[in-house]
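**Student:**
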Amino acid sequence: MSAPRPEPAELLRSVFGFSDFRPGQEEIVDAVRDGRDTLAIMPTGGGKSLCFQLPALCRPGVTLVISPLIALMRDQVRALREAGVGAGALTSGNTEEETEAVFDLIEAGKLKLLYMAPERLASGGAQALLRRARVGLIAVDEAHCVSQWGHDFRPDYLRIGELRSALGVPLAAFTATADAETQAEIVTRLFGGTPPATFLRGFDRPNIRLAFAAKARPRAQIEAFAAARRGQSGIVYCATRARTETLAQALCEGGHTAIAYHAGMAAEERRLAETRFQQDDGLIVVATIAFGMGIDKPDIRWVAHSDLPKSIEGYYQEIGRAGRDGAPADTLTLFGPDDIRLRRAQIDEGLAPPERKEADHARLNALLGLAEATACRRQILLGYFGEDSDPCGNCDLCERPAKLFDATQAVRKALSAALRTGESFGAGHLIDILTGTATDKVTARGHDRLPTFGVGRELGRAGWQAVFRQMMGRDLIRPDTERHGALRMTDAARPVLRGEETVMLRQDSIEAARAAARPEP
Ligand code: ADP
Ligand code: ZN
1 MSAPRPEPAE LLRSVFGFSD FRPGQEEIVD AVRDGRDTLA IMPTGGGKSL
51 CFQLPALCRP GVTLVISPLI ALMRDQVRAL REAGVGAGAL TSGNTEEETE
101 AVFDLIEAGK LKLLYMAPER LASGGAQALL RRARVGLIAV DEAHCVSQWG
151 HDFRPDYLRI GELRSALGVP LAAFTATADA ETQAEIVTRL FGGTPPATFL
201 RGFDRPNIRL AFAAKARPRA QIEAFAAARR GQSGIVYCAT RARTETLAQA
251 LCEGGHTAIA YHAGMAAEER RLAETRFQQD DGLIVVATIA FGMGIDKPDI
301 RWVAHSDLPK SIEGYYQEIG RAGRDGAPAD TLTLFGPDDI RLRRAQIDEG
351 LAPPERKEAD HARLNALLGL AEATACRRQI LLGYFGEDSD PCGNCDLCER
401 PAKLFDATQA VRKALSAALR TGESFGAGHL IDILTGTATD KVTARGHDRL
451 PTFGVGRELG RAGWQAVFRQ MMGRDLIRPD TERHGALRMT DAARPVLRGE
501 ETVMLRQDSI EAARAAARPE P
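Note that the UniProt record's numbering has the sequence shown beginning at 1, numbered continuously upward.
1) How should R506 be labelled, buried or exposed, when 16 other C-beta atoms within 10 angstroms of its C-beta is the threshold for buried?
2) As an exercise, report each continuous beta strand (DSSP E) stretch of at least 3 residues that is fully enclosed by the stretch 20-53, in chain order.
3) Can you give me the start and stop residues for the alpha helix (DSSP H) that Y384 sits inside?
4) Is DSSP giving A371 helix, strand or coil here?
5) Under 7 Å Cβ to Cβ from A417, same chain only, skipping five residues before and after it: list those, please.
6) Going by alpha carbons, who is nearest to E253 out of A220, G499, R420, E100?
7) Given this structure, state the Cα-to-Cα distance separating F291 from R341, to the nearest angstrom.
8) Can you list, in chain order, the residues of its chain whose CB lies under 6 Å from that of E520, leaving out five sequence neighbours each side?
9) Within 8 Å, do at least three Cβ pairs link the stretch 306-315 to the stretch 330-349?
10) Look up R478 in the DSSP assignment and give the residues it is bridged to.
11) Spell out the partners DSSP gives V455 in its beta bridges.
12) Looking at C-alpha atoms only, which residue of R324, I259, R209 is the closest neighbour of Y237?
13) Within a Cβ cutoff of 7 Å, which residues of the same chain sit near V285, ignoring the five residues on either side of it in sequence?
14) Compute the Euclidean distance between the alpha carbons of C58 and E181, then round it to the nearest angstrom.
15) Label A227 either buried or exposed according to how many other C-beta atoms from any shown protein chain fall within 10 Å of its C-beta, with 16 as the threshold for buried.
16) Counting only the same chain and skipping the five closest in sequence on each side, list residues whose C-beta sits under 6 Å from that of E501.
17) Could you tell me which whole beta strand (DSSP E) segments of length 3 or greater appear in the stretch 231-278?
18) Measure the Cβ-Cβ separation of R474 and R344 and say whether it is below 8 Å.
19) Within 10 angstroms of its Cβ, does F153 collect 16 or more other Cβ (buried), or is it exposed?
20) Rounded to the nearest angstrom, what separates A87 and A56 at their Cα positions?
21) Looking at the structure shown, is W464 part of a helix, part of a strand, or coil, going by DSSP?
22) Quick check: the Cα distance between F52 and G320, rounded to an integer number of angstroms?
23) Does the stretch 444-459 come into contact with the stretch 350-366, if we say contact requires no fewer than three beta-carbon pairs (one atom in each stretch) closer than 8 Å?
24) Inspect the beta-carbon positions of G47 and R13 and report whether they are closer than 8 Å.
25) What are the uninterrupted segments assigned as beta strand (DSSP E) that are 3 or more residues long and contained completely in the stretch 380-454, given in chain order?
26) Are K413 and G456 closer than 8 Å when you measure CB to CB?
27) Give the straight-line distance between the Cα atoms of K297 and R189, rounded to the nearest whole angstrom.
28) Tell me F291's beta-bridge partners as DSSP assigns them.
29) Excluding the 5 residues flanking L497 on each side, which residues of the same chain have their C-beta closer than 7 Å to its C-beta?
30) Along the chain, where does the beta strand (DSSP E) containing I138 start, and where does it finish?
31) Scan the stretch 105-191 and note each continuous beta strand (DSSP E) run of 3 residues or more that stays entirely inside, going in chain order.
32) Just verifying my parser: in three-state terms, what is the DSSP assignment at V15?
33) Whose C-alpha, out of D440, I41, L50, is nearest the C-alpha of D20?
34) Counting only the same chain and skipping the five closest in sequence on each side, list residues whose C-beta sits under 6 Å from that of A108.
35) Give a single yes or no on whether R78 has its beta carbon closer than 7 Å to a heavy atom of ligand 4.
36) Going by the DSSP bridge assignment, what does T333 pair with across the sheet?
Right under this line is the structure:
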């Protein structure tokens, strides 16, 4: 008589030491254990590893785990071994003894989980080795690395689909990237086009407070945010390498312990920064998005964006690094018209085909919609990922609802200023016209004789900047990056111009912009 199959709930306690599954884990564990092809989308810190580690113990043979993050693989192998599970890794970082030990476990039939870096799949003999090891399941971590459009693309991930068909075993793919296109690419490339059982779970991270603010004096705003959280570990994300360095320095001058981190630094320096961040308390890392993948620090208490992230997925992944321990964590995202322009330009100037660019603009729009939201941010965020929810009570808008005003007239004035100048000018020049500022450029072009000249004095420059930013956020106007950011009206604006639709904008962010209308010192 064979031994009874261990129950997942029992293994959860006896091997992993957890009393309950996290939201979504149990269904995924069941599907993977039953040998179904599975795609699980869970946020960073949601507990993905358990969803392949636990089924691996219920299934015969070895589970091959493919992950691009060597340090994380090593951590997992160590933890599994400590829990008494036969686990090993074959990576470029192995010593000969380590590799020998893995082969010994395979020969002895004691290996349950075999971790491998994708590069290893390219080496000759990998398939034969995996057959000999009796691989019965493939688990792919960070499955979005198969997407050629993402910035984490790993060419070796393209070999996984082939391996799966060669071995004829089920595959379970895991990622925190939830957008539909990446999902579609994963299905094509890893599952040969046959849709797997798909789970999108646990995106709510209720302990993370959400907040956005209009960017007025970013250095001062980030400094104030950090100062209110002195002594806590935090990350500040910036859009450029140069900015990480200036901001890190500014924070140090403000008495914080802060270091910069970006892909332009030497590998050694970066590793040092990662280690310090993991080990020290109260260190602030000011980084580009190069920082974070593979960082497993449970007590990051806050994440701030000094520049707008590039998509709603990126935003969620980055703030998701805070509060993995479940204790309250705080976030702040700054955004301004320059950010919107920069992100649009990055999309337009990229090498992607036109459909892809359109989709990227749409994803940026989703983030801008979140930035300029008028009610609970979490509802919007989770809604984007396909989850329904009630107002959260843990975002800036739940705490202090936005004041709105009917901005239809202001928007029509702005659109008219753009149209009457041939949609050839940026916000600065249009605001000069609206506020009746007769600059040389305005008079040289005769724009001081336009009927729109001076029709918007009541809002002031800063007020208009907020209006333009919100209009960009609603995609009513778009900077034409081929013409130095000249603003063009979009189709969405036509009904407003024709008087068929009203536009409600946020009064508070306009007031805040006007109050903060002092230049950065
Ligand atoms: P990710 O989804 O980012 O890969 P991990 O698998 O590393 O996340 O899990 C994040 C953290 O959550 C880890 O510290 C892990 O031990 C913990 N964790 C996972 N599942 C559970 C659970 N059911 N109960 C309690 N803690 C859990
Ligand atoms: Zn809320």
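The beta carbon of each residue, even a glycine, is placed where N, CA and C say it ideally should be.
**Tutor:** For this structure:
1) buried
2) 38-41
3) 377-384
4) helix
5) L430, I433, L434, T452
6) A220
7) 24 Å
8) Low per-residue confidence applies at E520: pLDDT is 42, beneath 50, and the placement is therefore not dependable enough to give any value.
9) yes
10) R488
11) In DSSP, V455 forms no bridge with anything.
12) I259
13) I235, I259, Y261, A273, F277, F291
14) 32 Å
15) exposed
16) P495
17) 234-237, 258-261
18) no
19) exposed
20) 10 Å
21) helix
22) 21 Å
23) no
24) no
25) 404-406
26) yes
27) 31 Å
28) Per DSSP, none; premise fails for F291.
29) R412, L415
30) 135-140
31) 113-116, 135-140, 171-175
32) coil
33) L50
34) none
35) Questions concerning ligand 4 fall outside what the structure shown contains, since the ligands it does hold are ligand 1 and ligand 2.
36) F212, H305
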